[in-house]
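Engineer: Quick note: the sequence shown uses the numbering used here, first residue 667, plus one each step. Below are the structure tokens for one structure; questions will follow.
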Amino acid sequence: MTASPTVAEAPPWVDADWADEVRELARRRDAVLLAHNYQLPAIQDVAHHTGDSLALSRIAAESDAATIVFCGVHFMAETAKILAPEKTVLIPDANAGCSLADSITVDQLRAWKADHPDAVVVSYVNTTAAVKAETDICCTSSNAVEVVASIPADREVLFLPDQFLGAHVRRVLGRENMHVWAGECHVHAGINGATLTAQAQANPDAELYVHPECGCATSALYLAGAGAVPADRVKILSTGGMLDAARASSTSRVLVATEVGMLHQLRKAAPEVDFRAVNDRASCTYMKMITPEKLLRSLREGTDEVHVDPELAARGRAAVQRMIEIGQPGGGE
Ligand code: 13P
Ligand code: SF4
Numbered sequence: 667m668t669a670s671p672t673v674a675e676a677p678p679w680v681d682a683d684w685a686d687e688v689r690e691l692a693r694r695r696d697a698v699l700l701a702h703n704y705q706l707p708a709i710q711d712v713a714h715h716t717g718d719s720l721a722l723s724r725i726a727a728e729s730d731a732a733t734i735v736f737c738g739v740h741f742m743a744e745t746a747k748i749l750a751p752e753k754t755v756l757i758p759d760a761n762a763g764c765s766l767a768d769s770i771t772v773d774q775l776r777a778w779k780a781d782h783p784d785a786v787v788v789s790y791v792n793t794t795a796a797v798k799a800e801t802d803i804c805c806t807s808s809n810a811v812e813v814v815a816s817i818p819a820d821r822e823v824l825f826l827p828d829q830f831l832g833a834h835v836r837r838v839l840g841r842e843n844m845h846v847w848a849g850e851c852h853v854h855a856g857i858n859g860a861t862l863t864a865q866a867q868a869n870p871d872a873e874l875y876v877h878p879e880c881g882c883a884t885s886a887l888y889l890a891g892a893g894a895v896p897a898d899r900v901k902i903l904s905t906g907g908m909l910d911a912a913r914a915s916s917t918s919r920v921l922v923a924t925e926v927g928m929l930h931q932l933r934k935a936a937p938e939v940d941f942r943a944v945n946d947r948a949s950c951t952y953m954k955m956i957t958p959e960k961l962l963r964s965l966r967e968g969t970d971e972v973h974v975d976p977e978l979a980a981r982g983r984a985a986v987q988r989m990i991e992i993g994q995p996g997g998g999e
């Protein structure tokens with residue numbers, strides 16, 4: 667196996683002066699810089715907070731900064747605006763979309779609901795504001811199981827849009843009355859079972875960290891079930907969960923099945939562990955649209971500002987607030 671690359675190298679001008687300028691411009695704007703774990707390393711390092719979708723949503727909701735600069739994809743910045751409508755929310759490139767969020771439209775959701783009028787709608791946070799406005803509870807990969815478990819067992823559930831995360835939740839809860847939309851993220855779907863199996867066999871002592879959006883999540887559990895990999899070495903985790911596991915790990919090698927940006931935080935959290943990407947081409951072009959140059963422009967010029975129609979935001983807010991409460995220490999479920 668080839669060693670995983672160190673994600674993307676930053677251009678030479680992305681140095682301490684660049685970082686100082688970014689932080690100084692943020693201070694002048696009273697802005698908090700948030701970066702998702704899949705962002706370029708330089709962006710992760712300059713941000714005030716780096717984390718998974720759930721952690722960043724919670725920080726956006728609680729921050730007392732006047733401006734949130736969201737280094738992530740568009741639905742994340744929209745979610746921050748829904749939670750904090752009084753704040754200015756900026757994203758360095760508003761074209762940073764998400765193939766998973768694009769896999770269901772609001773019209774498709776309305777038609778699905780019409781076929782199941784009594785169902786509770788659970789939407790992954792990777793959805794547009796219009797879809798959130800038609801949703802009862804949002805979730806992220808960190809708390810999807812807890813969110814569905816919070817719904818009375820006799821209520822039908824419509825879970826969207828990620829089929830692999832949905833299959834994971836159904837497997838964990840053994841819930842039959844849960845319908846799952848057939849959407850997927852092209853990056854995670856491309857991390858397939860055959861690649862994972864070959865690498866697990868070539869590295870029999872390695873642990874496997876698998877994001878539940880991955881096409882290979884079922885294969886990972888199959889490998890564990892069939893005894894090919896000890897069950898305690900297979901961990902299905904959100905990106906934040908991977909970091910917690912890395913900090914607690916005593917293993918020497920981990921195979922990581924998620925977007926390659928994750929390797930940067932993992933290597934910082936546990937430098938003695940050899941983290942290797944299961945698929946080193948699993949890079950999200952949308953996440954990588956947020957470049958050091960665009961971050962500077964965003965802070966200098968106030969671009970791109972994120973707006974959510976206030977009526978849509980009001981309709982989606984309860985679902986998103988429920989999401990940030992569930993799975994929170996002291997947050998109930
Ligand atoms: P988490 O950071 O919530 O695990 O999400 C992964 C993802 O694909 C975000 O787009
Ligand atoms: Fe969307 Fe997949 Fe990119 Fe995450 S990795 S932002 S789910 S396309």
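Glycine included, every Cβ here is placed at the ideal spot set by N, Cα and C.
I'd like the list of long-range same chain contacts for ASP784, defined as Cβ closer than 8 Å, with 5 residues on each side in sequence excluded.
Structural biologist: In the sequence shown, residue 784 corresponds to position 118, counting from 1. These residues qualify, in order along the chain: ARG821 and GLU822.
Engineer: What do you get for HIS973, buried or exposed, if any count of 16 or more other CB atoms within 10 angstroms of its CB means buried?
Structural biologist: Here residue 973 refers to the residue found at position 307 when the sequence shown is read from its first residue. With fewer than 16 other Cβ atoms within 10 Å, it is exposed.
Engineer: Going by DSSP, name the residue or residues bridged to ILE734.
Structural biologist: The count along the sequence shown starts at 1 and reaches residue 734 at position 68. In DSSP, ILE734 forms a bridge with VAL698 and VAL755.
Engineer: Report the rounded CA-to-CA distance for ALA669 versus LEU961, giving the unit in angstroms.
Structural biologist: Taking the first residue of the sequence shown as 1, we reach residue 669 at position 3. Taking the first residue of the sequence shown as 1, we reach residue 961 at position 295. Residue confidence for ALA669 is low, a pLDDT of 42 falling below 50, so the modelled location carries little weight; the figure read from the coordinates is stated next. Cα to Cα, the separation comes out at about 30 Å.
Engineer: Could you please give me the residues that DSSP links to MET661 through a beta bridge?
Structural biologist: Because the chain is modelled from 667 through 999, residue 661 falls outside the range shown and cannot be assessed.
Engineer: Any chance the CB of CYS851 is under 6 Å from a heavy atom of ligand 2?
Structural biologist: Sequence index remark: in the sequence shown, residue 851 carries index 185 (1-based). Within the cutoff, so yes.
Engineer: Closer than 5 Å between the C-beta and any heavy atom of ligand 1: which residues qualify, listed along the chain?
Structural biologist: That gives ASP718, SER719, THR806, SER807, SER904 and THR905.
Engineer: Indicate whether PHE830 and MET844 have their beta-carbon atoms separated by less than 7 Å.
Structural biologist: Taking the sequence shown and counting its residues from 1, the one referred to as residue 830 is at position 164. Taking the sequence shown and counting its residues from 1, the one referred to as residue 844 is at position 178. Taking 7 Å as the Cβ cut-off, PHE830 and MET844 do not qualify as a contacting pair.
Engineer: Give the secondary structure of THR884 by DSSP, where H, G and I count as helix, E and B as strand, and everything else as coil.
Structural biologist: Locating residue 884 in the sequence shown gives position 218, counting from the first residue. Correct three-state label for THR884: helix.
Engineer: By Cβ distance below 6 Å, which residues in the same chain neighbour GLU879 in space, the five residues on each side in sequence not counted?
Structural biologist: What you label residue 879 is simply residue 213 of the sequence shown in a count that begins at 1. If we look at GLU879 and ignore the five residues flanking it on each side, its Cβ neighbours are ASP828, PHE830, LEU831, CYS851 and HIS854.
Engineer: At which residues does the alpha helix (DSSP H) containing GLY982 begin and terminate?
Structural biologist: For the purposes of this step, residue 982 is taken as residue 316 along the sequence shown, with counting starting at 1. Element bounds for GLY982: 976-991.
Engineer: Pull the bridge partners of HIS845 from the DSSP assignment, please.
Structural biologist: What you label residue 845 is simply residue 179 of the sequence shown in a count that begins at 1. In the DSSP output, where bridge partners are listed per residue, HIS845 has LEU824.
Engineer: Which residue spans inside the segment 739-826 form an unbroken alpha helix (DSSP H) run of at least 4?
Structural biologist: The segment 739-826 contains these whole alpha helix (DSSP H) runs: 740-749, 772-781, 795-798 and 810-815.
Engineer: I need the straight-line Cα distance from THR672 to ASN703, nearest angstrom please.
Structural biologist: Here residue 672 refers to the residue found at position 6 when the sequence shown is read from its first residue. Here residue 703 refers to the residue found at position 37 when the sequence shown is read from its first residue. Because the pLDDT of THR672 is 44, which lies under 50, any placement of that residue in the model is unreliable, and the question is left without a value.
Engineer: Using 6 Å as the cut-off, classify the Cβ of SER765 as near or not near the heavy atoms of ligand 2, replying yes or no.
Structural biologist: Along the sequence shown, one-based indexing puts residue 765 at 99. Under cutoff, so the answer is yes.
Engineer: Opposite LEU706 in the DSSP bridges: which residues?
Structural biologist: Here residue 706 is taken as the residue at index 40 of the sequence shown, counted from 1. In the DSSP output, where bridge partners are listed per residue, LEU706 has none listed.
Engineer: What's the call for PRO958, buried or exposed, on a 16-neighbour Cβ count within 10 Å?
Structural biologist: Position 292 of the sequence shown, counted from the start, is the residue given in the question as residue 958. That one is buried.
Engineer: Going by alpha carbons, who is nearest to THR951 out of GLY763, PHE736, GLN867 and ARG963?
Structural biologist: Within the sequence shown, residue 951 is the residue found at index 285, counting from 1. When only C-alpha atoms are compared, the closest one is GLY763.
Engineer: Are the beta-carbon atoms of GLY993 and GLU812 separated by less than 7 Å?
Structural biologist: For the purposes of this step, residue 993 is identified with residue 327 of the sequence shown, where counting begins at 1. For the purposes of this step, residue 812 is identified with residue 146 of the sequence shown, where counting begins at 1. Contact: yes.
Engineer: Could you check where the alpha helix (DSSP H) with ARG919 kicks off and where it finishes?
Structural biologist: On the sequence shown, residue 919 is found 253 positions in, with the first residue counted as 1. It is not in any alpha helix (DSSP H) - ARG919 instead sits in the beta strand (DSSP E) that spans 919-923.
Engineer: Just how far apart, CA to CA, sit PRO678 and ALA743?
Structural biologist: Taking the first residue of the sequence shown as 1, we reach residue 678 at position 12. Taking the first residue of the sequence shown as 1, we reach residue 743 at position 77. Rounded to the nearest angstrom, the two C-alpha atoms are 28 Å apart.
Engineer: Only counting runs of 4 or more residues, tell me where the alpha helix (DSSP H) segments fall wholly within the segment 867-915, in order along the chain.
Structural biologist: Fully enclosed alpha helix (DSSP H) runs of 4 or longer: 883-891 and 905-914.
Engineer: Let me check one thing: in DSSP terms, what residues is ALA943 bridge-paired to?
Structural biologist: If you number the sequence shown from 1, residue 943 lands on position 277. In DSSP, ALA943 forms a bridge with VAL922.
Engineer: Would GLU842 be called buried (16 or more neighbouring beta carbons within 10 Å of its own) or exposed?
Structural biologist: Position 176 of the sequence shown, counting from 1, holds the residue named residue 842. It is exposed - the Cβ of GLU842 has fewer than 16 other Cβ atoms within 10 Å.
Engineer: Determine the contact status of SER808 and SER904, defining contact as a CB-CB distance below 7 Å.
Structural biologist: Translated into positions along the sequence shown, residue 808 becomes position 142. Translated into positions along the sequence shown, residue 904 becomes position 238. Result yes, Cβ atoms of SER808 and SER904 sit closer than 7 Å.
Engineer: If I measure Cβ to Cβ from THR733 and keep anything under 7 Å in the same chain, skipping five residues before and after, which residues do I get?
Structural biologist: By 1-based counting over the sequence shown, the position of residue 733 is 67. These residues qualify, in order along the chain: ARG695, ASP696, ALA697, LYS753, THR754 and LEU756.
Engineer: Do HIS877 and GLN710 have their CB atoms nearer than 7 Å?
Structural biologist: Locating residue 877 in the sequence shown gives position 211, where the first residue counts as 1. Locating residue 710 in the sequence shown gives position 44, where the first residue counts as 1. Taking 7 Å as the Cβ cut-off, HIS877 and GLN710 do not qualify as a contacting pair.
Engineer: Please state whether DSSP places ASP686 in a helix, a strand or coil.
Structural biologist: Here residue 686 is taken as the residue at index 20 of the sequence shown, counted from 1. Here ASP686 sits in helix by DSSP.
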